[in-house]
Amino acid sequence: SGTVGNLVLALNLARLFVTTSLNYAQFPYRVRFCWWGAEEVGLLGSIYHVEQASLPSATTESGRLQDYLVYFNYDMLASPNSNFGILDSLSVPPGTPNKTLPGTDRITNLFQQWFNEQKLPWTKSGIGGGRDFVPFLTEGIASGGVNTGAGGFKSATERDQYTALLETGNSGLANVAYDSCYHQQCDRINNVNPFAYEKVVKAADYAIEYMGRLRDLEK
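In structure tokens form, the structure reads like this:
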């Protein structure tokens, strides 16, 4: 779901930029879309990219680490028993450089604001190890993102919180995994929640558009 969600974002952004009749202004910053491999066996893809981007031989085209100001992680976006998880800046791994924290906190607040304005519930999601944002955080790059849960279970309290704001049928089931097919053979194309998928991709789009229009990301 994250792979396709990122592809939808990239294709639509490209279409806006190349369709002159839309008068869609260019961003002051470049936007790079990446798809990482081998996350489940040690973040090999994202770590390799960060290592290569740190080399003196790295170019603007291949990606230079010093050019990265913000990293968004969009993974697991359509879990059937979804929540709306916002990566929580207060749970960054120990040893994360202090310079990363203000920007990461700003990203967290941006997503929280969007969900609040849309009158949608949200849940804090830990920024722990085992996810592709970790190599970027470690290098001092502000990071954030959204997800819809994985193998954990939705509590009755969380279900009730979602029921209070969502239409009947969209709040999910208590004491059931967010995705009972997580890492299972049953995790196929029909194992998605279209309602949640649409909402989190729109949240991701908003974050890209908002950050892309700023002119002071270095700060």
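For my numbering, count along the sequence shown from 1 and bump the result up by 300.
Think of the CB as a built atom: it goes at the ideal place given N, C-alpha and C, for glycine as much as any other residue.
Looking at the DSSP output, A442 bridges to V370.
Taking C-alpha positions only, T319 is separated from A325 by approximately 11 Å. For F453, the three-state secondary structure derived from DSSP is strand. Looking only at T423, D479, N447, H483, the smallest Cα-Cα distance to Y462 is reached by T423. In the structure shown, S382 adopts coil according to DSSP, grouped into three states. Annotation: T408 is outside any beta strand (DSSP E); the continuous alpha helix (DSSP H) that includes it extends over 401-417. Nearest in C-alpha terms to D479, of all of S362, A496, E467, is A496. Per DSSP, the beta-bridge partners of N447 are G385.
Annotated as proximal: T448 and V500, with beta-carbon spacing under 8 Å. The C-beta separation of S425 from G385 comes to about 3 Å, placing the pair in contact by the 8 Å criterion.
The C-beta distance from N491 to P380 rounds to 6 Å, short enough to fall under 8 Å. The beta carbons of A503 and F415 sit closer together than 8 Å. Within the same chain, L344, G345 come within 7 Å of A338 by CB-CB distance, once the 5 residues on both sides are set aside. For L473, the CB contacts under 6 Å within the same chain, skipping 5 residues up- and downstream, are N381 in chain order. Taking S391 as the centre and dropping the five residues before and after it, the same chain places the C-beta of G426, I427 closer than 6 Å to its C-beta, in chain order. Using a Cβ distance threshold of 8 Å, L377 and S301 count as a contacting pair. Annotated three-state conformation of G426 is strand, per DSSP. In this structure, the alpha-carbon of G444 lies about 33 Å from that of S321.
Spanning the alpha carbons of C486 and E439 requires a straight line of approximately 36 Å. Distance from L365 to S354 at the Cβ level is roughly 5 Å; contact confirmed, criterion being Cβ atoms closer than 8 Å.
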